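*Asks:* Have a look at the structure that comes next, please.
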Amino acid sequence: MSRIYDCADETARKDGIADAASAVRRGDLVVLPTDTVYGIGTDAFSPTAVSRLLATKGRGREMPPPVLVGSMRAATALIDDLGNHGRDLMEEFWPGPLTLVCSATPSLSWDLGDTKGTVGVRMPMDPIALELLKEVGPMAVSSANKSGQPSATRVEEAIEQLGDEDVAVYLDGGETESRVSSTIVDLTYAVPRVLRAGAISIEQLRSVCGTVIGELRRGRTKPKPEDAEADGKAEEPAEAGPAATETEQETPKAGRTPEGDES
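In my numbering, the protein residues as written are 1 to 263.
This is the structure:
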């Protein structure tokens, strides 16, 4: 049976984050708010836990989840090469709705799925998410919805889709502020490429990087029946498009394309 914590109450928030941290360390699944939509996450370094996350979502290894971090230092430990502009982008837009796809540090003992040696990393601008991430370290996080369904902007929507059997803890942070997904930028090329348009515009990116190759359009944007999110370099089949929703936001599948959702 899942445990639900109303984080508007200080005592419940403290207890909830402690319970969620313990759950993540055990390899269990937790649902948490982000600055886009609710995410479902677990220990990024537990292959068993990541497999459970993908199974709960209803997706395969070809759609690996992105990784959320609580600090830039934590992110750089996961990344082998930030490219020419990675640090500048982090300093300008983190914490916030920008996912960076980079070459992963080869020595890391994890298995996020078929990542082709890359990792999608993001530092969300949500106090509850950041508090949990700073407590447990990097988490594999996808949007808190069944694959192909609208992402959740309220914890009740996540509970309706995910139930109370597979998720140990739900952290209720109220309704999320945005339905717009994070922008995904691939830094594994010489020139940064936008894999999916989102909350950070290409004009904003160019103000930092100079040259940025625009979004590769690989599909249509999903209709709105109360849209979605969560983040990384592979997840659900990428829906690119200026208003792509977070249900599509994970770690690009072949190491190059945004395919999925995220937190």
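C-beta atoms are modelled at their ideal positions from N, C-alpha and C, and glycine is treated no differently.
Just so it is clear, the structure is predicted and the values come from calculations on it, not from any experiment.
If LEU78 and VAL121 are in contact, beta carbons under 8 Å, what's the gap, nearest whole angstrom?
*Replies:* Right, the Cβ-Cβ distance comes to about 6 Å (below 8 Å), so this counts as a contact.
*Asks:* Spell out the partners DSSP gives TYR170 in its beta bridges.
*Replies:* In DSSP, TYR170 forms a bridge with ILE4, VAL31.
*Asks:* Name, in chain order, the residues that DSSP records as bridge partners for ILE213.
*Replies:* According to DSSP, ILE213 bridges with ARG193.
*Asks:* Label MET139 either buried or exposed according to how many other C-beta atoms from any shown protein chain fall within 10 Å of its C-beta, with 16 as the threshold for buried.
*Replies:* Answer is buried; the Cβ neighbour count reaches 16.
*Asks:* Provide the residue span of the beta strand (DSSP E) that contains VAL185, from first to last.
*Replies:* That run of the beta strand (DSSP E) goes 183 to 186.
*Asks:* Here's a check: name, in chain order, each residue in its chain whose Cβ is nearer than 7 Å to the Cβ of GLY137, leaving out the five neighbours to either side.
*Replies:* Around GLY137: ALA74.
*Asks:* According to DSSP, what are the bridge partners of ARG122?
*Replies:* DSSP output for ARG122 lists LEU68 as bridge partner(s).
*Asks:* Just to confirm before moving on: does the CB-CB distance between PRO33 and GLY173 stay below 8 Å?
*Replies:* Taking 8 Å as the Cβ cut-off, PRO33 and GLY173 qualify as a contacting pair.
*Asks:* Can you give me the start and stop residues for the beta strand (DSSP E) that SER143 sits inside?
*Replies:* Residues 139 to 143.
*Asks:* Please classify TYR189 as buried or exposed, where buried requires at least 16 neighbouring CB atoms within 10 angstroms.
*Replies:* Exposed, because fewer than 16 other Cβ atoms sit within 10 Å of the Cβ of TYR189.
*Asks:* Indicate the three-state DSSP secondary structure (helix, strand or coil) for LYS14 in the structure shown.
*Replies:* Helix, per DSSP.
*Asks:* Identify the residues that DSSP records as bridge partners of VAL101: which are they?
*Replies:* BP columns for VAL101 point to GLY120, ASP186.
*Asks:* Helix, strand or coil: which one does DSSP assign to ALA20?
*Replies:* ALA20 falls in the helix class under three-state DSSP.
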